[in-house]
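Q: Residue numbering for the sequence shown follows my numbering, beginning at 468 and increasing consecutively.
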Amino acid sequence: MSVVRKKHRGKILYALCRADDIRPNHNVRGLESAPIYAIDQSGIRAIVSDTLSARLRPDRSNISAHQRVLKSLTTDATVLPMRFGVLARDAGAVERLLATNMESINEHFDRLNGRVEMGLRVSWDVTNIYEHFVALHPTLAAGRDQIWSQHSGSSARREEKIQLGNMYEALRSADRQDAAEKVKDILYDYCDDIVENPVKREKDVINFACLIERGKLDEFVSGVFEASKAFDSSYIFDYTGPWAPHNFIELDLHAPTKTKKTSTSDNVVSELVKDDGLETDTN
468 MSVVRKKHRG KILYALCRAD DIRPNHNVRG LESAPIYAID QSGIRAIVSD TLSARLRPDR
528 SNISAHQRVL KSLTTDATVL PMRFGVLARD AGAVERLLAT NMESINEHFD RLNGRVEMGL
588 RVSWDVTNIY EHFVALHPTL AAGRDQIWSQ HSGSSARREE KIQLGNMYEA LRSADRQDAA
648 EKVKDILYDY CDDIVENPVK REKDVINFAC LIERGKLDEF VSGVFEASKA FDSSYIFDYT
708 GPWAPHNFIE LDLHAPTKTK KTSTSDNVVS ELVKDDGLET DTN
């Protein structure tokens, strides 16, 4: 059965690829279980699906559907992922967006051609991270022991506890930085580029996004194991991917004739102009 595409329906944008790359896998459904398909313009292909919705809710099912489409595309082609929630009013708005930004889009394809993103997280595999640092750093242990052994007033003890906490944070930050530099020195032999993202949990050491050639996935894994040998058993290494290269895109897609812009990056908040047929909303 052929897919009926409504030219004037709203379009959900998932990713951009070159028009000579393979077409999307139609067995994968997008948001609202809609089929995905391609809109080509100026040698660039936008992967979209139709929608009647004016807004896209960032709930689990929608975000999972968006990521599922991206993963299916990344298997075979170089893609520039769009952030979740980008809508175009109709097919014409998509075509104008591609034509207006043709030069900058092609520059990104040239730089990222044949490359994917791998994630690497390193964390402390210990029961109590604070006690782990007390055991590692005599100055921290001495400060803790002094506070609990003295009989000063409560206000003085509070100030000392704050100072001890600051010492712990400083030591943990220094250890994170040392570990990051050690891992980067090894992984740069296996990666084209590395982005160091913020850590989110107390036990997290590093959170890297690594840009590698698609054909060198096995070499990257070998590099991770090589890096892990430089650390003791209190560290755990966990890699994920391959993903579309979210962290290596600095592409601002300008809506035609307007000064506001959107972005393919998940780290940038988009501003799209309704008059140009583009919109984003994740609230």
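In this text, a Cβ means the ideal position worked out from N, Cα and C, and glycines have one as well. Treat the numbers as computed from the prediction; the structure is a model and nothing was measured.
Between which two residues does the alpha helix (DSSP H) containing Tyr-597 stretch?
A: Start and end: 596-603.
Q: So Leu-554 is in the beta strand (DSSP E); what residue range does that whole segment cover?
A: Per DSSP, Leu-554 belongs to the beta strand (DSSP E) from 553-555.
Q: Whose C-beta lies closer than 7 angstroms to the C-beta of Ala-482 among residues of the same chain, with five residues either side of it excluded?
A: If we look at Ala-482 and ignore the five residues flanking it on each side, its Cβ neighbours are Ile-514, Leu-537, Leu-540, Val-546, Leu-547, Pro-548, Met-549, Ala-711.
Q: Leu-519 lies in the beta strand (DSSP E); which residues open and close that run?
A: Looking at the DSSP string, Leu-519 is not in any beta strand (DSSP E), and its letter there is neither H nor E.
Q: Quick check on Asp-584: buried or exposed, where buried means 16 or more other Cβ atoms within 10 Å of its Cβ?
A: Inspection of the sequence shows that residue 584 is occupied by Glu rather than by Asp. Classification of Glu-584: buried, given that the 10 Å Cβ count is 16 or more.
Q: How many Å lie between Arg-476 and Glu-648 at the Cα?
A: Roughly 50 angstroms between the two C-alpha positions.
Q: Buried or exposed for Ala-566, please, with buried defined as at least 16 other CB atoms from any protein chain shown within 10 angstroms of its CB.
A: Classification for Ala-566: exposed.
Q: When the Cα atoms are used, what is the spatial distance from Lys-728 to Val-553?
A: Any answer about Lys-728 is weak, because its pLDDT of 47 lies below 50 and its placement is not dependable; what the coordinates show is given next. Using only the alpha carbons, I get a separation of about 11 angstroms.
Q: Under a Cβ-count criterion, where at least 16 other Cβ atoms within 10 Å of its own Cβ denotes burial, should Phe-692 be classed as buried or exposed?
A: Phe-692 should be labelled exposed.
Q: Could you check what DSSP says for Met-585 in three-state terms: helix, strand or coil?
A: In this structure, Met-585 counts as strand in the three-state DSSP scheme.
Q: If we ignore side chains and look at the alpha-carbon of each, how far apart do Thr-707 and Leu-603 end up?
A: One C-alpha to the other measures close to 30 angstroms.
Q: Cα-Cα, which of Phe-698, Glu-636, Gly-610 is closest to Arg-624?
A: If we check each option's Cα against that of Arg-624, Gly-610 comes out closest.
Q: My output table needs one value for Arg-563: the three-state DSSP class, helix, strand or coil.
A: Helix.
Q: Could you check what DSSP says for Glu-738 in three-state terms: helix, strand or coil?
A: In this predicted model, Glu-738 has a pLDDT of only 34, less than 50, meaning its place in the structure is not dependable enough to derive any value.
Q: Should Thr-718 be labelled buried (16 or more other beta-carbon atoms within 10 Å of its own) or exposed?
A: Strictly speaking, residue 718 in this sequence is Leu, with Thr absent from that position. Buried is the call here.
Q: Which term fits Arg-512, buried or exposed, when burial requires 16 or more other beta carbons within 10 angstroms of its beta carbon?
A: Arg-512 is buried by the Cβ-count criterion.
Q: Assuming Ser-516 and Ala-501 make a contact with CB atoms under 8 angstroms, what is their CB distance in whole Å?
A: Indeed, because the Cβ distance is near 4 angstroms, the residues count as touching under 8 angstroms.
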